[in-house]
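First comes the structure, then the notes that go with it.
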DNA sequence: GTTCGTGCAAACGGTTTGCAACAAT
DNA sequence: ATTGTTGCAAACCGTTTGCACGAAC
């Protein structure tokens, strides 16, 4: 059986063809796609899928902990299948977003803030990705 | 002379009444307002100002370094008159954004990333503001 | 047969654009 | 005269909503 179907079931999500298609795109992409980018990708395989279904499904996945929604681009939310804590790098030129492993950076001082009860933190880096 | 007029001139900006009004709202607010929130505030004093003028003016101020645009809220950009490097705390319940002084936190490791040429970094904290 | 999922189209909120009128230089 | 600034309305883009049809339990 397709492992994605099992993953959805495990999270109490009925595995419909549309949801499987969304899952295959959104859970396997490291590109931090927006909802509309997921929609475009999904439609290449399954052109009948509606915008509303993709938005519903993405929100459902976020609710169930399969995805995280991140506010890193102007005007749109992006979805990240890496749900463990990590940081992000945003390329100034391309706008592309890259994951930065949690252990690559260390933040100190956030525990001793007088006014704020910090639940989570992340570092947002901006600059240029090095030409490989 | 109004200090705001001098500030605008110093940055090569022609000081029109509309721009002065936008400046008084956006440069003196620590609330990290969105463009529409600035518009609403400005219109309380000067109801004839158009939406386009406020958007134009805010972008001009960002271009000239009087404001920074920050991507911290879903669906909208917010403007921050504090242009020196600092971090941000976002209240989960109210959505309000607070400045966190640069020296309150320390980030290490961002200089030794192989793939990325980091130009700037900031920490985004989320949680609850302590009831004072 | 009631609930759940889907598709469509309209509505919505924030932002941008085109253009005509006007003020400043 | 040329350039810069404003206001209005329409367009635009990402997202949400309402509703009716159909599938699953």
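Chains as they are written, first to last, in our numbering: chain A, 1 to 132; chain B, 1 to 132.
Ideal placement from N, C-alpha and C gives every residue a C-beta, glycine not left out.
Given the structure is predicted, the values throughout are model-derived calculations rather than measurements.
Using a Cβ-Cβ distance under 7 Å, would residue 105 of chain B count as near chain A?
yes
Here's a check: name, in chain order, each residue in its chain whose Cβ is nearer than 6 Å to the Cβ of residue 34 of chain A, leaving out the five neighbours to either side.
76 and 78
Coil, strand or helix - residue 191 of chain A by DSSP
Within the shown structure, residues of chain A are numbered from 1 to 132, placing residue 191 of chain A beyond reach of any answer.
Keeping to the same chain, check which residues put their C-beta closer than 6 Å to that of residue 23 of chain A; ignore five residues upstream and five downstream.
4
Among the candidates A/27, A/92 and A/53, whose CA atom is the shortest distance from the CA of residue 68 of chain A?
A/27
Under 7 Å, Cβ to Cβ, is there at least one residue of chain A near residue 36 of chain B?
no
Between which residues of its own chain and residue 82 of chain B is the CB-CB distance below 7 Å, once the five residues before and five after are set aside?
99
What's the C-alpha gap between residue 74 of chain B and residue 93 of chain B?
14 Å
Tell me which residue opens and which closes the beta strand (DSSP E) that residue 72 of chain A is part of.
68–73
Could you name the residues of the region 4–35 of chain A whose beta carbon sits closer than 8 Å to any beta carbon of chain B, in the order they occur along the chain?
none
Checking the sheet assignment: what are the DSSP bridge partners for residue 120 of chain A?
B/126
Could one say the Cβ of residue 125 of chain B lies closer than 7 Å to chain A's Cβ atoms, at least one of them?
yes
Buried or exposed by the 16-neighbour rule on C-beta atoms within 10 Å, applied to residue 16 of chain A:
exposed
Given a cut-off of 7 Å, decide if residue 41 of chain A and residue 62 of chain A are closer than it, judged by their beta-carbon atoms.
no
CA-to-CA distance, residue 20 of chain B to residue 53 of chain B, given in whole angstroms:
12 Å
When the Cα atoms are used, what is the spatial distance from residue 116 of chain B to residue 96 of chain A?
12 Å
N-terminal and C-terminal residue of the alpha helix (DSSP H) that residue 59 of chain B is part of
51–63
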